[in-house]
Each structure stands twice: as C-alpha cells, then as structure tokens.
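One structure below.
There are 2 protein chains.
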Amino acid sequence: MNIFIDYHSRTPIYEQIKEQIVLDINRGVLKADEQLPSLRQMSAQLGLNINTVKRAFSELEAQGITYSVAGKGIFINADAQKNSMYLQQALNDVKTAAINAKTMGADREQLLTIINELFKGDESND
Amino acid sequence: MNIFIDYHSRTPIYEQIKEQIVLDINRGVLKADEQLPSLRQMSAQLGLNINTVKRAFSELEAQGITYSVAGKGIFINADAQKNSMYLQQALNDVKTAAINAKTMGADREQLLTIINELFKGDESND
DNA sequence: TTTACTGTGCTATTTGTAATATCACAGTTG
DNA sequence: CAACTGTGATATTACAAATAGCACAGTAAA
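Residue numbers (numbering that gives the first Met the number 0), protein chains in the order written: chain W, 0 to 125; chain D, 0 to 125.
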C-alpha cells in the first residue's frame, strides 16, 4: 500500500490509485484475497476524501480487479492477474509511443536500447 | 491539415492539435515557411471555437514551432525540426510505457518485436 | 480609400468533472 | 449494543477546457 499521488498530473487521482493498485498486483506486492486497508484508513493516509478513494475501487471492482464486502473490507480478486486487459493496453501504449518517437526522428537502435536497458538486470533466461 | 480530434480523450483539444501539427512537421507533411489555413478556416473545418485553435498555435509559437503575422497568417518555422524537445518527450514516453508493460508481465521479446515490426519496411540501413 | 480578409486581445460565460464535504443506511464482528 | 466495515445519495467547491462575442490592428487587393 505505497501509493504516490502526483497532484500536478493531468491524470485524475482516482486513476492514479487504480493504476498503482494494478501495478502492485502484477508486481506480486498485492496477492489474491489479500485485504486492503479500509477506505477510511486509506483516505486518511493519503490525505484524500473517502469518495475519491471509493471511486477508484468502485471502478476496479467493476473491472474484476477487486471485490468488496460491506462490513468487512476490500480484497484483491483471485483472478486479477488473469485480467490481461491492462497488459494489452500497456503493450498498445508502447506501440503508440514508439510510432510517435519514430515520427519524431528516433531510429530503431535508439528504441531497442530503451527496451534492452529495461531488462539489463534480468539474468533469469539468456 | 488532417487533424483528428478525439473528443473522448482526456488530452485537451488544443494539446491534440499541437501534437498533430508537430507530427506533421516531422513527417514532412508540413514544410518550412508553409502557410497554414487561417484560424477561422481551421476552426470552422474542425467545428471548434477559434479560441481553442488559437491557443494551440499561441503555444506552438511560444515553442518556436510556428510563427504568425497579423493580417497574413500562420506559418511553419524554418527550424521547427531542430526542436528536439518533442523527440526527447517521445522517447521518454516510450520508456514509461515500456516500464509499465514490463510490470504488467510483458517480456523483452514482446517489446522488441513491437519495435522491430515498426521498422520492418525500412530498408534504408541494414 | 474601401473591402475583406488576417491575427490579437480581452472579458464573460458555459460546461464538465475532479475532489470535497456531509449525511444516512446497511452489513460484519465481537 | 458498539465499533467498525462498505454503500449510496446529495450538495458544494474548485478548476480548467471550451465557447461566445466583441473590438482592434495589420495586410493586401480592388
């Protein structure tokens, strides 16, 4: 539950919360059926109104990422990782950004370097 | 002058206009000292208020991308291509998107493929 | 000079929505 | 019952995008 809010961003706060929850799930920081702090705790910790946090989790629940039980709390959905929508979206964002960069004059090597730098420390398979 | 506005996007319309003008310059669609349609023509064609289009070009002019002469029109600046700010921004966007995709579970090969597909038709250097 | 364009500048208003502020209400647990 | 939980609704505030309208000044050609 380490959420950082960029108040200068054009991205709404509730969207930033959604993104970081999904990222934490995919990082393995948040696991299936794990309970999150209560809405009131999270909103207090982040210095936000409960409604702002509530909106984030209402939308996450609508996307099957979390589920909530009145009186108990909010939990990570067991098949949240299976939700490939965000991966597909992320891949598409890479493509869009790459197309833009190419148009701006970036060459193939520049872009490949960015990708390779990202996986530099990963010695898992080679 | 083929500008497409996505009204459902969170990106403001004037920002979309700016981006597409810069892209057209880097594509070579718009060339140095080329005159653009008048603000009134563009706003009419796009179905937008003149002030919205005006804002886009005021900011482009502030960045040295275009210049304007009262009574004449708006033109592409000769050294617009030299403006590397947008390339740096575009490269940074690729990196950010790639980091996200990796977190979501994308592997190196997936991302490299996206880049390579993009340059598939380019036989200029190999 | 007149006419019809061009961009510029300004003010005001409308509109949408993020974020906040309070409520009341219902489910869960001890 | 008490103290938590999430839910739902409404109202308000705040901010920025987008619109609307007007006056003004520069350019160019009739």
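Ideal Cβ positions, reconstructed from N, Cα and C, are used throughout, including at glycine.
Note that the structure is predicted; figures quoted are calculated from it, not measured.
Residue-chain proximity (residue i, chain W), Cβ-Cβ < 8 Å
i, result
"Y208/D", "In the structure as shown, chain D begins at 0 and stops at 125. Residue 208/D is therefore absent and cannot be evaluated."
"T102/D", "yes"
"L110/D", "yes"
"L22/D", "yes"
"L148/D", "Any answer about residue 148/D is impossible in this case: the structure gives chain D only from 0 up to 125."
"L59/D", "no"
CB-CB length for residue i against residue j, believed under 8 Å
i, j, result
"I16/W", "A79/W", "That pair is no contact at about 15 Å."
"L111/W", "I114/D", "6 Å"
"L45/W", "I75/W", "Incorrect: roughly 18 Å between the Cβ atoms, too far for contact."
"A105/D", "A89/W", "7 Å"
"V21/D", "Y66/D", "Contact flag wrong, Cβ pair sits at about 15 Å."
"R107/D", "R9/W", "About 30 Å separates the two Cβ atoms, so there is no contact after all."
"A128/D", "L117/W", "There is no way to answer for residue 128/D, as the model of chain D reaches only from 0 to 125."
"D92/D", "N91/W", "At roughly 13 Å, the Cβ-Cβ gap does not stay under 8 Å, so D92/D and N91/W are not in contact."
Proximal residues of chain D, C-beta to C-beta of residue i below 7 Å
i, result
"A55/W", "Result: empty, since nearest Cβ-Cβ is about 16 Å, beyond 7 Å."
"A105/W", "L86, A89, L90"
Neighbouring residues, chain W, relative to residue i (Cβ below 8 Å)
i, result
"I113/D", "L90, V93, K94, A97"
Reduced DSSP category for residue i - H, G, I as helix; E, B as strand; rest coil
i, result
"S37/W", "coil"
"I75/W", "strand"
"K51/D", "The question names Lys, but residue 51/D in the sequence shown is Thr. DSSP places T51/D in helix when its eight states are reduced to three."
"V28/W", "coil"
"S8/W", "coil"
"S83/D", "coil"
Amino acids of chain W, ordered along the chain, whose beta-carbon sits closer than 9 Å to that of residue i
i, result
"N25/D", "T102, M103, G104"
"F3/D", "What F3/D touches in chain W: nothing, since even the nearest Cβ is about 14 Å away."
Min CB distance residue i to chain D below 8 Å
i, result
"Q15/W", "no"
"L47/W", "no"
"L29/W", "no"
"L35/W", "no"
"I12/W", "no"
Interface residues of chain D facing residue i [CB-CB closer than 9 Å]
i, result
"F74/W", "Within 9 Å Cβ-Cβ: nothing; F74/W doesn't reach chain D, min ~21 Å."
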